[in-house]
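Undergrad: Just passing along the structure, written as structure tokens.
Shown next, in the form of structure tokens:
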């Protein structure tokens, strides 16, 4: 029995070596694929923002979770005119609550989370922007915070 276990272990180790051996001759690009960003060589399709309505569960408790994603643009914390020269396109979002003149920029790619809004109707606009903050696309979501859920946090 002990010899059988040793033979199985040796077989497993030798099999692993044959699988690993071909990778030693490959470059990082061969294994990992192309770089996440590269110099821009040709026009890219237009970027588009997709925004979901707030998640119902958290909204019923007074928290607003707005999920979004971008097509043909990666949400990254990279800013400035040099970032316009890479592909895939890089950008971030600006978040406006109501139509206030102030907003904030977010490059996390995570859902927008708002808490402490009073009961009633609300409007949030998400703007997809390039690294120089130029708007590319925008979407507005409207929702109602229920009266029993409006609690100051």
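Numbering (our numbering), first residue to last: 66 to 218.
Heads up, the beta-carbon is just placed ideally off N, CA and C, and yes, glycines get one too.
1) Go ahead and pull the three-state DSSP assignment for residue 195.
2) Do residue 141 and residue 113 count as a contact pair if the criterion is CB distance below 8 Å?
3) Tell me which residue opens and which closes the beta strand (DSSP E) that residue 156 is part of.
4) Could you compute how far the alpha carbon of residue 127 sits from the alpha carbon of residue 165?
5) Does the distance from the CB of residue 107 to the CB of residue 117 come in under 8 Å?
6) Residue 119: which of 186, 172, 138 sits nearest, CA to CA?
7) Mapping DSSP to helix, strand and coil, what is residue 128?
8) Given a threshold of 16 other Cβ atoms within 10 Å of its Cβ, counted over all protein chains shown, does residue 202 qualify as buried or as exposed?
9) Specify, as a first and last residue, the run of the alpha helix (DSSP H) that residue 95 falls within.
TA: Taking the geometry as given:
1) In the three-state reduction of the DSSP assignment, residue 195 falls in the coil class.
2) Not in contact: residue 113 and residue 141 (Cβ atoms no closer than 8 Å).
3) Per DSSP, residue 156 belongs to the beta strand (DSSP E) from 155 to 162.
4) When rounded, the distance between both Cα atoms is 21 Å.
5) For residue 107 and residue 117, no; Cβs fall outside 8 Å.
6) Checked all of 186, 172, 138; the closest Cα to residue 119 is 186.
7) Note: residue 128 maps to strand in three-state DSSP.
8) The Cβ neighbour count for residue 202, taken over all protein chains shown within 10 Å, is at least 16; the residue is labelled buried.
9) In the DSSP assignment, residue 95 falls within the alpha helix (DSSP H) that extends over 93 to 97.
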